[in-house]
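Going by the working numbering, the first residue of the sequence shown is number 394, and it counts up by one from there.
Beneath this line is the structure, given in structure tokens, with notes to follow.
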Amino acid sequence: MHHCKLKLAGFLAWAATVACRGVPAPSHEAREECPAGDVNYTQLAKKLSKTAQIYLSGSDAFDAAVARWSNLSTPVANVVVVPSTEHDVVETVNFANLHSLPFLTTNGVHGSITTLGKMTHGIEIHMSELNSIAIAKNGKTATIGGGVMSKNLTDALWAAGKQTGEHMMIFLHHDYCKGNPMTNLERQ
Numbered sequence: 394m395h396h397c398k399l400k401l402a403g404f405l406a407w408a409a410t411v412a413c414r415g416v417p418a419p420s421h422e423a424r425e426e427c428p429a430g431d432v433n434y435t436q437l438a439k440k441l442s443k444t445a446q447i448y449l450s451g452s453d454a455f456d457a458a459v460a461r462w463s464n465l466s467t468p469v470a471n472v473v474v475v476p477s478t479e480h481d482v483v484e485t486v487n488f489a490n491l492h493s494l495p496f497l498t499t500n501g502v503h504g505s506i507t508t509l510g511k512m513t514h515g516i517e518i519h520m521s522e523l524n525s526i527a528i529a530k531n532g533k534t535a536t537i538g539g540g541v542m543s544k545n546l547t548d549a550l551w552a553a554g555k556q557t558g559e560h561m562m563i564f565l566h567h568d569y570c571k572g573n574p575m576t577n578l579e580r581q
């Protein structure tokens, strides 16, 4: 059940994103006041794939990753992890849990849900590299990476003569809880 919650949380973070970007993140002073503790992110880096990235506060890459389109209830992260494999996500979540750190998955643009501002420190898991879309040969299902933007998904499905129906969210929710990140597709 715990795995189901993690998969569902990742999916919901992806589903809640919007197609805007560019508002600056909170100041570095706000991040420095966060209770990051004595977390050694080198230990996390050793568990990640060679192509995964870790951005620390103060770097240009970090600032770009945490930039938001809205300053409404802005969450604060101390570090950004950009996974390149599903295993990187698992290792990052396990690391966060081991160190009692909150984590938030994003994919390049961010929602404006007011509860996000309750995150005053922790790890942002930036899913942008996990942006694959694979339509099964039979054309009835698709596997969608956690970093896929909705426009890219719509375009890929349309090009394949497919589209999602209004019940896509239900299918994804149901299948994710079974450990199967697939959805049924409809003909155009």
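Virtual Cβ for every residue (Gly too), placed ideally from N, Cα, C.
Task: Where VAL469 sits in the DSSP three-state scheme - done: coil
TODO: Output the distance between the C-alpha atoms of SER521 and VAL475, rounded to the nearest integer angstrom.
DONE: 7 Å
Open item on the list: DSSP has LEU449 in a bridge; who is on the other side?
Closed with: VAL472
- [ ] Measure the alpha-carbon distance for LEU465 versus MET512 and round it to whole angstroms.
- [x] 13 Å
- [ ] Whole angstroms is fine: what's the gap from SER450's alpha carbon to LEU509's?
- [x] 19 Å
- [ ] Could you check the C-alpha separation between VAL486 and THR435 for me, to the nearest Å?
- [x] 15 Å
Task: Distance between THR499 and SER525 (C-alpha atoms, nearest Å) - done: 15 Å
Open item on the list: For LYS443 and SER477, what's the separation of their Cα atoms in angstroms?
Closed with: 9 Å
- [ ] Report yes if the CB atom of GLU517 is closer than 8 Å to the CB atom of VAL459, and no otherwise.
- [x] yes
- [ ] Give the DSSP-derived three-state secondary structure of LYS443 in the structure shown.
- [x] coil
- [ ] Can you give me the start and stop residues for the alpha helix (DSSP H) that THR485 sits inside?
- [x] 479-491
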